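Trainee: The structure that follows is given in the form of structure tokens.
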Amino acid sequence: IVDYIDEQTDEICEMAVKTTPSSIKYIKNQTNDLCMIALNADVKNFKVIRNDNKHDVCCKVICQKGDLIRYVDLLTPELLDYAINDWGEHINLKWYDDKVSLLKYINPSQQTEDVCTKLVKMCPKEIRYACKKTHELCLVAIAKDPYVIKYVEQTYELCIEALTKDASVYKYIKPEKRTEEMDLLAIVGDFYNFEYVKNITPEIRKYMMWGCPDLGIEYIKNPTEQECFTYLIDGQGGHQMGPSLDKIKNP
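Numbering-wise (the numbering used here), the sequence shown opens with residue 960 and increments by one.
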């Protein structure tokens, strides 16, 4: 209705924006106070705020609503710091997805090493949206969350670092990137990685039959007589009745 009113008094404008925040786009005199009311209700209203008001309003609102930057092409360093600090205080890592990413909406020209490092330290998965995934930045992310190995270039050093932190990330390492050292590191850290290992070396085979014979015998094809004996003597598999001959492949 306010767009049909010629004489938009302060009282009428305030009532209109409080009742329907999106009506800010029809207000002729968009004061900072009116803009704040509209933005606090829905940051998407930023799109209809006229240029002469945006900077002042940004300074006030970004401190409270860091995700406002998705509607801004370029930010001053000050506003960017405000946005990062606010986002870091409110981000819930448990519910993180690309919809709540901040780095995704930062202009590539403003994705400095410092900005990316800050955000990755706050939420390692932000590495996905870094324009330049440097080795150092990837190490920062993996140190906080080894599972981000699936989002970065899987170099030997980064894969070893991730496996050292948590062996269960092994299944996310591309088969062509895996080495014998990685295979063994994965098995030592988590026996259940055995099902993902393609190259079963004698060392891995021996380690599995020594450390977890019940699981080892399940995945080893054509087990030797000694391996079968080890399983039958030491394997338990969680069964009160003891090991089962059915698990031995081609006995």
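Even for Gly, the Cβ is constructed at its ideal location relative to N, Cα and C.
Treat the numbers as computed from the prediction; the structure is a model and nothing was measured.
Helix, strand or coil: how does DSSP classify Q1199 here?
Mentor: Note that Q1199 has pLDDT 41, beneath the 50 cutoff, so the model's placement of it is unreliable and the number below is only indicative. Of the three classes helix, strand and coil, the one that applies to Q1199 here is coil, per DSSP.
Trainee: How long is the line joining the alpha carbons of S981 and I964, rounded to whole angstroms?
Mentor: 16 Å
Trainee: Taking Cβ to Cβ, would you say N1152 is nearer than 8 Å to E1139?
Mentor: no
Trainee: Can you give the Cα-Cα distance for I1119 and Q1069, rounded to whole angstroms?
Mentor: 31 Å
Trainee: Determine whether the beta carbon atoms of A1100 and V1079 lie at a separation below 8 Å.
Mentor: yes
Trainee: Just how far apart, CA to CA, sit H1198 and C1097?
Mentor: Low confidence applies here, because H1198 scores a pLDDT of 42, under 50, leaving its location unreliable and the question unanswered by this model.
Trainee: Rounded to whole angstroms, what is the Cα-Cα separation between K1133 and Y1106?
Mentor: Distance between the alpha carbons of K1133 and Y1106: 13 Å.
Trainee: Count the other CB atoms within 10 Å of the CB of M974; is the residue buried (16 or more) or exposed (fewer)?
Mentor: Exposed is the call here.
Trainee: Classify Y1055 as helix, strand or coil using the three-state DSSP reduction.
Mentor: The answer is coil: DSSP assigns Y1055 none of H, G, I, E or B.
Trainee: Between G1196 and K1130, what straight-line distance do the alpha-carbon atoms span, to the nearest angstrom?
Mentor: Confidence at G1196 is low in this model, with a pLDDT of 42, below 50, so its placement is unreliable and the value that follows should be read with caution. Roughly 23 Å between the two C-alpha positions.
Trainee: Helix, strand or coil, according to DSSP, for S982 in the structure here?
Mentor: helix
Trainee: Quick test of your reading: L1062 and Y1088, contact by CB under 8 Å. State the CB separation rounded to the nearest angstrom.
Mentor: 4 Å
Trainee: How far does the alpha helix (DSSP H) with V1099 in it reach, from first residue to last?
Mentor: H1094 to K1103
Trainee: Which residue marks the beginning of the alpha helix (DSSP H) containing A1000, and which one marks its end?
Mentor: N991 to A1000
Trainee: Which same chain residues end up closer than 7 Å to C1082 when comparing Cβ atoms and leaving out the 5 residues on each side of it in sequence?
Mentor: Cβ within range, chain order: I1050, L1052 and Y1055.
Trainee: Evaluate P1036 with the Cβ neighbour count: other Cβ atoms within 10 Å of its Cβ, from every protein chain shown; 16 or more gives buried, anything less gives exposed.
Mentor: exposed
Trainee: On a Cα-Cα basis, can you pick out the residue from D1040, V1111 and R1137 that is closest to K1092?
Mentor: V1111
Trainee: Hey, I996 and I1028: beta-carbon distance below 8 Å or not?
Mentor: no
Trainee: Judging by CA-CA distance, which residue of G1148, D1142 and E1135 is the nearest neighbour of D1125?
Mentor: G1148
Trainee: Pull up the CB-CB distance for E1162 and L1143, whole angstroms please, since I reckon it's below 8 Å.
Mentor: 6 Å
Trainee: Would you kindly report the start and end of the unbroken alpha helix (DSSP H) that includes L1038?
Mentor: Here the alpha helix (DSSP H) through L1038 covers P1036 to H1049.
Trainee: With distances taken Cα to Cα, identify the nearest neighbour of E1072 among C1090, K1058 and K1084.
Mentor: C1090
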